[in-house]
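*Asks:*
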Amino acid sequence: MEKTYDLIVSNDNGNSEHKLVINGIPVKHPNVFARISKPRSEKKTTLIEAINELHNNIDITISSPAIKLADNTRVLVGHAAMAGVAASKVKNMNLEKGKKHEQDLPIINTLGIVAVKTVQEHFSEKKEIENNDVLEVTVNMSTCLPASVYNEVNAKIFKERFQKGTHMVTVNIKSDLRVVVKVTFGYVGVSAEGTPPLFEIIEDGEGNYRSGDMFDEFIKQYNMKPDLDGQYFQDKNLMHIDIGDGTTELIITNGYELKHSEGLEYGLGVALESVVSIWKEKKSYTRQDISEIIKSKSHAFKEDILTDLNGEPLENLSFDIAEDVQSFVNNMRSKEIHIAVVYGGGSILLKDHLYSKLMAIAKKERFKLLWIPPQYAVDMNVNGLNTFNDIYMDELTAPVS
1 MEKTYDLIVS NDNGNSEHKL VINGIPVKHP NVFARISKPR SEKKTTLIEA
51 INELHNNIDI TISSPAIKLA DNTRVLVGHA AMAGVAASKV KNMNLEKGKK
101 HEQDLPIINT LGIVAVKTVQ EHFSEKKEIE NNDVLEVTVN MSTCLPASVY
151 NEVNAKIFKE RFQKGTHMVT VNIKSDLRVV VKVTFGYVGV SAEGTPPLFE
201 IIEDGEGNYR SGDMFDEFIK QYNMKPDLDG QYFQDKNLMH IDIGDGTTEL
251 IITNGYELKH SEGLEYGLGV ALESVVSIWK EKKSYTRQDI SEIIKSKSHA
301 FKEDILTDLN GEPLENLSFD IAEDVQSFVN NMRSKEIHIA VVYGGGSILL
351 KDHLYSKLMA IAKKERFKLL WIPPQYAVDM NVNGLNTFND IYMDELTAPV
401 S
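Residue 392 in the numbering used here sits at position 392 of the sequence shown, with consecutive numbering throughout.
1. Alpha carbon to alpha carbon, how far is Leu47 from Asn254?
2. Return the residue from the list Val378, Ala87, Glu125, Lys259 that minimises the CA-CA distance to Met214.
3. With DSSP as the reference, label His240 as helix, strand or coil.
4. Val153: buried (16+ other C-beta within 10 angstroms of its C-beta) or exposed?
5. Which runs of the beta strand (DSSP E) spanning at least 3 residues fall entirely within the stretch 252-319, listed in chain order?
6. Which residues in the same chain have their Cβ closer than 6 Å to the Cβ of Leu264, if we skip the five residues on either side of it in sequence?
7. What span of residues does the beta strand (DSSP E) with Arg178 cover, start to end?
8. Using the C-alpha atoms, what's the distance from Ile25 back to Val116?
9. Do Val119 and Val171 have their CB atoms nearer than 8 Å?
10. Based on Cα-Cα distance, which residue from Gln234, Asn330, His353, His29 lies nearest to Leu268?
11. Locate the alpha helix (DSSP H) running through Lys363, then write down its first and last residues.
12. Please name the residue in Thr110, Glu130, Asn316 whose C-alpha comes closest to that of Phe162.
13. Pick helix, strand or coil for His167, following the three-state DSSP scheme.
14. To the nearest whole angstrom, what separates the beta carbons of Ile293 and Val276, a pair I think is in contact under 8 Å?
15. Kindly indicate if chain D contains any beta-carbon less than 8 Å away from that of Gly212.
16. Give the secondary structure of Ser10 by DSSP, where H, G and I count as helix, E and B as strand, and everything else as coil.
17. Quick one: grab the DSSP three-state call for Leu69.
18. Can you tell me whether Gly246 is buried or exposed? The criterion is at least 16 other CB atoms within 10 Å of its CB, across all chains shown.
19. Please list, in chain order, all residues of the same chain as Ile202 whose beta carbon is under 7 Å from its beta carbon, the five residues on each side excluded.
20. Excluding sequence positions up to five away, which residues of its chain have a Cβ less than 6 Å from the Cβ of Ser148?
21. Based on DSSP bridge pairs, tell me the residues matched to Arg35.
22. Determine which residues share a DSSP beta bridge with Met141 and list them.
23. What did DSSP end up calling Tyr415 once you bin it into helix, strand or coil?
24. Tell me the DSSP bridge mates of Ser63?
25. Using 8 Å as the cut-off, can you tell me whether the stretch 328-344 makes contact with the stretch 291-311, which would need three or more C-beta pairs spanning the two stretches below that distance?
26. Per DSSP, which residues does Ile58 bridge with? Please list them.
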């Protein structure tokens, strides 16, 4: 059986967490993979259970012109990699290299989740699936690169790795059930991280200006009108401070236009690696393990790890970021900054350490500080990409007449 599907994807391939929106449905998983040489031990599950749980059990055999792995290498992706192999075999984004557009992980993990979503969509539609079924999927996608590596050349390299030929992905569902997914990419748009959040700050995704609790602290801090909305920010020079796991992006925008950008090749991951070192005598935790424990609701060691993290690791990181922000502002010279906007996964844990330092800079340099609340901070890039897709994807993929 051969069946063709179409997916519209918003893809924020973060250094710690992979966040996507696929045909309007949010997807998140740890951004890691692991090679395996033999099948894992199989759980006894029904077909429906196996299909429903594919997101947590991404087991694929992959052959792609875009990656350096040998043809037909079998890998576990995301949660499956975290649970299925020793920590030493789990591969995450290399923070030292920093060149996301050249690494295999973004390609492998994107192909894995796209293939699994295609299988799930097929099963939802047909209510059946057979061994060696062949599915075809065309993907139109918006994604981004860190400002520290973003330029036209690198964006083109990243884009063409997806668009280069057909990617063959076999989804290993059960020992006697494998489905081949042929993945091709149509439109692939690559922007600098930090620019998609403009759509989240200014718009609500439904054709209106953003309003509500995103601005509550800002309104109170500066005695603004209570009905302040995204229109207020539309004509302002914004300095974005996007604190991720592997990078921190400093970007100047006005409206939807990127004016200047600089990427710091470090982020929260530096502090997490410090905690890994602190714990290495007790546990063989990876940076990804520490990240997952912090996000958990009731892990036995969560409070201990947070205590260690909130000591020197976060305090040192906050000094580094504040110092680099001040240098960035100084380098703007006569260019005025109206508002600094802080977001990204690192902004949540760093707020107690960094807020006062950035507020001092804001007062000295005479601009305002908008700290995005935690319920929005992590997903600003992927949600902004999705809003962009909602507005422009039909136009971008329309046949040329």
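Quick reminder that beta carbons are idealized off the backbone N, C-alpha and C, glycines included.
*Replies:* Working from what's here:
1. 51 Å
2. Val378
3. strand
4. exposed
5. 257-264
6. Thr248, Asp324
7. 177-192
8. 13 Å
9. yes
10. His353
11. 345-365
12. Thr110
13. strand
14. So it is not a contact: roughly 11 Å between Cβ atoms.
15. In the structure shown, chain D does not exist; there is a single protein chain.
16. strand
17. coil
18. buried
19. Tyr209, Arg210, Gly230, Phe233, Gln234
20. Thr247, Gly263, Glu265
21. Val75
22. Val9, Val188
23. Only positions 1 to 401 of the chain appear in the structure, and residue 415 is not among them; the question remains open.
24. Met168
25. no
26. Val77
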